[in-house]
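So for the sequence shown, my numbering puts the first residue at 7; every next one is plus one.
Glycine residues also receive a C-beta, built at the ideal position from the N, C-alpha and C atoms.
Values in this document were obtained by computation on a predicted structure and should not be read as measured data.
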Amino acid sequence: NNMVMTLLQKFAVKPALDKVLSLMKQADTEDIVPKILCDTNAQTDLTKRVQEFYTDIQQSQTLTYMGKVFLYATSIMSLTNHYGLLTLGMNEEVHRETVKEPVFIASLPRTGSTILHRTMAL
Numbered sequence: 007n008n009m010v011m012t013l014l015q016k017f018a019v020k021p022a023l024d025k026v027l028s029l030m031k032q033a034d035t036e037d038i039v040p041k042i043l044c045d046t047n048a049q050t051d052l053t054k055r056v057q058e059f060y061t062d063i064q065q066s067q068t069l070t071y072m073g074k075v076f077l078y079a080t081s082i083m084s085l086t087n088h089y090g091l092l093t094l095g096m097n098e099e100v101h102r103e104t105v106k107e108p109v110f111i112a113s114l115p116r117t118g119s120t121i122l123h124r125t126m127a128l
């Protein structure tokens, strides 16, 4: 069981996190999105939260093996969503868009809704 978790961590989670952190560094240097979303503090905070999340999963006495795998998989999707929303926020065409109608953002926690909201507020 631990071997599968280690493989998921090494070959899926870490690359997804590294991809997001790399884009955050680029966004921070290009000064396209608000600093609070991509500065060194945001990068450190994201890394810390992800590490704590996986530590909690691994140490859980109540989660089943499949529950742990499911949480790993959904967190990889969340990191992928984070990357996609940040990419969208860095697109200059998006900055020129005018939103005429109210927009409601509804999502599960930790799925990138805050970054979407802040990007749309620019």
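Where does residue i land, buried or exposed, given buried means 16+ other C-beta within 10 angstroms?
{"i": "Y78", "result": "buried"}
{"i": "A127", "result": "exposed"}
{"i": "L13", "result": "exposed"}
{"i": "K106", "result": "exposed"}
Could you pull out every residue in the same chain whose Cβ sits closer than 8 angstroms to the Cβ of residue i, ignoring the five residues on either side in sequence?
{"i": "M30", "result": "L43, C44, A48, Q49, L52, L92"}
{"i": "V56", "result": "V19, L23, S81, L85"}
{"i": "L69", "result": "I63, L77"}
Using beta-carbon positions only, say whether residue i and residue j come within less than 9 angstroms of one another.
{"i": "V19", "j": "Y89", "result": "no"}
{"i": "P40", "j": "R124", "result": "yes"}
Nearest to residue i by alpha carbon, out of the options?
{"i": "E98", "options": "E36, I111, N8", "result": "E36"}
{"i": "F59", "options": "Q32, S28, Q15", "result": "Q15"}
{"i": "I38", "options": "Y71, S113, M72, R102", "result": "R102"}
{"i": "N8", "options": "L122, Q32, K74, S28", "result": "K74"}
To which residues of the same chain is residue i closer than 7 angstroms at the C-beta, ignoring the five residues directly before and after it?
{"i": "Q64", "result": "M11"}
{"i": "S119", "result": "I111, S113"}
{"i": "Q32", "result": "none"}
Leaving out the 5 sequence neighbours to the left and right, which residues in its chain are closer than 6 angstroms to residue i when beta-carbon positions are compared?
{"i": "N87", "result": "T117, G118"}
{"i": "D34", "result": "C44, D45"}
{"i": "G95", "result": "V39, T125"}
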